[in-house]
Structure formats: C-alpha cells, structure tokens
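Residue numbering for the sequence shown follows the numbering used here, starting at 1 and increasing by one per position. Here a beta-carbon is modelled for each residue, glycine too, at the ideal position from N, C-alpha and C. Computed from a predicted model, the values in this text were never measured in an experiment. One structure is given below, encoded as structure tokens.
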Amino acid sequence: MKKQIFSLMALLVFTSPCLGQNPKIVEFPNIYLNTNTINQRTITYKNEKSGAKDLQTIASLEDYEQGWVFIQNYKKTDSSQWINITKRMYANGEGFEIDTMQLEEIMRENNKLIDYHFHKRTNIDSTISNEAKKELKKYGKFDSSITYNFLLNEILENNLAENAMPSIQDIAYMVDNTIKYSQINSKGKISFKICSKLGVCEYKLTPKGIRFFKKIGRKNLLSLEGKDKSPFIKKYDKNIKDIETAKNFASQVSSDLLTVNFKSWEEFYSSQ
C-alpha cells in the first residue's frame, strides 16, 4: 500500500516576484484559462458558487493549471471578484507560478481572501498510464486495448481522491502565503481551495498554526526537518477512490495546526 510523508523540507517552495511591466487587467464574464498571462490578467465579477462552477468545467477540459483569488467584498465593498493571479504556466502543465507582487497588493487592500486553483484530471493520467502499461506487460497483454482501458480506469478511480487533496507544494504555498498575509495585513484571513473531479478541498492554518509558523519564521523551517515536533510529518493511505474516503483522507491530514475539509460538488453548491 502506497504511503507518502508530508516533509517540512518540501515546504520551502516559494514563488518569485513579477518582473517587467505590469500586465493589463481585462474583465471577462466567465472564468477561463488565460493563455496570455504575461501580458494580461483577468477579473470576473461572480459570486463564489458561480466562479467555482467555472473552475469545475475548466478542470475537466484543460491541460494546464492556473490560480485565482476570490474576494467576497473587494476593497471592502459589496463587489465579489475573481482575480487571476497566474504569472506563467509550466510547459508540461504540471503547475504554475503566481504573480507575488499582484497577490501582495491584493492582500494589502482586502481583509479576507480565498485562494483557488484546480487539479486537472490529466495531472494523474500520465502516471496512471505508465502504471497500467507496467501491469499489462507482466501478463503480455499490452496490445489489448480493451484490457488496457479497463485497467487504466481502475487505476484512475483509485487515484481520484488523492488528486483532490493538496500536494506538498500546495501545503508549502499555503503556509508561506498565510504567514505573509498576516505580516502584510494584520486583519487578513485567508483559506485555500482546490477544485477537482470529486469536489472542493479547503485547507488552511489554524490560529495556532499561524502563531507556530510566525514564531518559527520562513527561513527557519528547515531546522524542523526530521524532528518529532514537525506538524506535517504525517503518513496517509493513498489507495482511495471515492468521496467518503476523500473525506476520511482530509481528516487524517488535519491537525491542530492545519485543517483540511473536503466536500463533494453537491455538498459545496448546497453550502453556498
């Protein structure tokens, strides 16, 4: 049974500041995958439910990932906004880089943010495909498309819940930007959400977690590597495939410093 360890060594993944001219801000009626992030950023005026529905669609169609910030009361007004904060997408589709200067400006101007991104289904397709091929080669059945597709789907279903959870890099990004927000804006509150095929996963530091990491300091995270007091040294079962086990998965990862909560799409929409 596969296992994975949350390591604080992996938490030191930070983004670089935006260089050059500021991109043009363009308003769009719906959230979409912007392929021109260097020159323009998009803003969409939607509530959280409607915007997340757009992300649900994007996650099932696109081969690249991007990130947004949802602001319920933009600059303390009644306006709800989705702002694309993606600086560039990685060529292989495995992740993206945010515009840290843009995000810091948003942090200064707003007291409550939700950081959103999606995990596309094809995130795991290539890995799953390789696993399927290895299994098929054992039995000499690689040429059988029917057998291959059956096994591919079986492996895919066993990885859906894992794909719905935050990665090591997602956790690192969350810790870094939560502490940064608290330093930029003392009233700032932020949570992080991932949209996937199964639903929406929310993860954030608890008040104790914020105090813990502020005391440590970003530069000193490495000193915790391998020590028992590390809050992210957690093992969990990755062989899970449905909504209920995804919820159990989230519960396993949660601690007194970090909370992880998973909702199916139906549950998410009904809660809005």
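Practice task
Go ahead and pull the three-state DSSP assignment for MET107.
Solution key: Taking the first residue of the sequence shown as 1, we reach residue 107 at position 107. Helix.
Exercise for the section: Report the three-state DSSP secondary structure of LEU257 (helix, strand or coil). Expected result: Stepping through the sequence shown from its first residue, residue 257 is reached at position 257. Coil, per DSSP.
Handout entry: Alpha-carbon to alpha-carbon, LEU55 and VAL69
Key = Within the sequence shown, residue 69 is the residue found at index 69, counting from 1. Within the sequence shown, residue 55 is the residue found at index 55, counting from 1. Distance between the alpha carbons of VAL69 and LEU55 is about 12 Å.
Problem - Residue range of the unbroken beta strand (DSSP E) whose run includes ASN84 - result: Taking the sequence shown and counting its residues from 1, one reaches residue 84 at position 84. Boundaries of the beta strand (DSSP E) harbouring ASN84: 81-84, taken from the DSSP string.
Practice task
Can you have a look at ASP65 and say buried or exposed, based on whether 16 or more other CB atoms are within 10 angstroms of its CB?
Solution key: Counting from one through the sequence shown, the residue named residue 65 turns up at place 65. Residue identity differs from the one stated: residue 65 is Glu in this sequence, not Asp. With at least 16 other beta carbons inside 10 angstroms of its own, GLU65 counts as buried.
Exercise for the section: For ILE210, collect the residues of the same chain with a Cβ closer than 8 Å to its Cβ; drop the 5 residues on either side in sequence, then sort them by chain order. Expected result: The residue you call residue 210 lines up with position 210 of the sequence shown. Once the five neighbours on either side are set aside, the close Cβ partners of ILE210 are THR178, ILE179, SER182.
Problem - Contact check, ALA164 vs PHE268, beta carbons under 8 Å - result: Stepping through the sequence shown from its first residue, residue 164 is reached at position 164. Stepping through the sequence shown from its first residue, residue 268 is reached at position 268. No.
Exercise for the section: Entirely within the stretch 188-215 and at least 3 residues each: give me those beta strand (DSSP E) ranges in chain order. Expected result: 189-195, 199-205
Problem - Extent of the continuous beta strand (DSSP E) to which TYR116 belongs - result: Within the sequence shown, the letter at position 116 stands for residue 116. 112-118 is the extent of the beta strand (DSSP E) around TYR116.
Practice task
Just confirm the distance between the C-beta atoms of ALA59 and SER196, as a whole number of angstroms; I'd bet it's less than 8 Å.
Solution key: In the sequence shown, residue 59 corresponds to position 59, counting from 1. In the sequence shown, residue 196 corresponds to position 196, counting from 1. The pair is a contact, with the Cβ atoms about 6 Å apart (cut-off 8 Å).
Practice task
Pick out whichever of GLU202, ILE114, LYS46 has its Cα sitting closest to the Cα of ILE31.
Solution key: Residue 31 sits at position 31 when you count from the first residue of the sequence shown. The shortest C-alpha separation from ILE31 is found at LYS46.
Exercise for the section: Just list the alpha helix (DSSP H) runs in the stretch 31-78, keeping only unbroken ones of 4 residues or longer that don't cross its boundaries, in chain order. Expected result: 48-61
Exercise for the section: With PHE268 as the anchor, note down where its alpha helix (DSSP H) starts and where it stops. Expected result: Residue 268 sits at position 268 when you count from the first residue of the sequence shown. Unbroken alpha helix (DSSP H) run through PHE268: 265-271.
Handout entry: Coil, strand or helix - PHE262 by DSSP
Key = Against the sequence shown, residue 262 aligns to sequence position 262. In the structure shown, PHE262 sits in a strand (DSSP, three-state: E or B).
Practice task
Could you tell me how far apart the beta carbons of ASN22 and TYR74 are, in whole angstroms, since I believe they sit closer than 8 Å?
Solution key: Residue mapping note: residue 22 aligns to position 22 of the sequence shown, counting from 1. Residue mapping note: residue 74 aligns to position 74 of the sequence shown, counting from 1. So it is not a contact: roughly 18 Å between Cβ atoms.
Handout entry: Beta-carbon proximity check, LYS87 vs THR37, cutoff 8 Å
Key = The residue you call residue 87 lines up with position 87 of the sequence shown. The residue you call residue 37 lines up with position 37 of the sequence shown. Yes.
Exercise for the section: Please name the residue, chosen from VAL26, LYS112, ASP63, SER50, that lies closest to LYS187 on a Cα-to-Cα basis. Expected result: Translated into the one-based positions of the sequence shown, residue 187 becomes position 187. For the options VAL26, LYS112, ASP63, SER50, the alpha carbon positioned closest to that of LYS187 is the one of LYS112.
Handout entry: For ASP176, the first and last residue of its enclosing alpha helix (DSSP H)
Key = Position 176 of the sequence shown, counted from the first residue, corresponds to residue 176. Note, ASP176: alpha helix (DSSP H), 168-184.
Handout entry: Same chain, Cβ closer than 7 Å to PHE28, five either side skipped, listed in chain order
Key = Translated into positions along the sequence shown, residue 28 becomes position 28. If we look at PHE28 and ignore the five residues flanking it on each side, its Cβ neighbours are THR42, THR44.
Handout entry: Whole-angstrom distance between GLY67 and TYR116, CA atom to CA atom
Key = Numbered from its first residue, the sequence shown carries residue 116 at position 116. Numbered from its first residue, the sequence shown carries residue 67 at position 67. So the alpha carbons of these two residues sit roughly 6 Å apart.
Practice task
Given a cut-off of 8 Å, decide if GLY199 and ILE243 are closer than it, judged by their beta-carbon atoms.
Solution key: Translated into positions along the sequence shown, residue 243 becomes position 243. Translated into positions along the sequence shown, residue 199 becomes position 199. Contact: yes.
Handout entry: Cut-off 7 Å between Cβ atoms - residues of its own chain near ILE85, not counting five sequence neighbours on either side
Key = Residue 85 sits at position 85 when you count from the first residue of the sequence shown. Cβ neighbours of ILE85 beyond the five flanking positions: GLY67, TRP68, VAL69, ILE98, ASP99, GLN102, LEU103.
Problem - Short Cβ contact (8 Å threshold) for LYS193 with ILE114 - result: Along the sequence shown, read from residue 1 onward, the residue named residue 193 stands at position 193. Along the sequence shown, read from residue 1 onward, the residue named residue 114 stands at position 114. Less than 8 Å separates the beta-carbon of LYS193 from that of ILE114.
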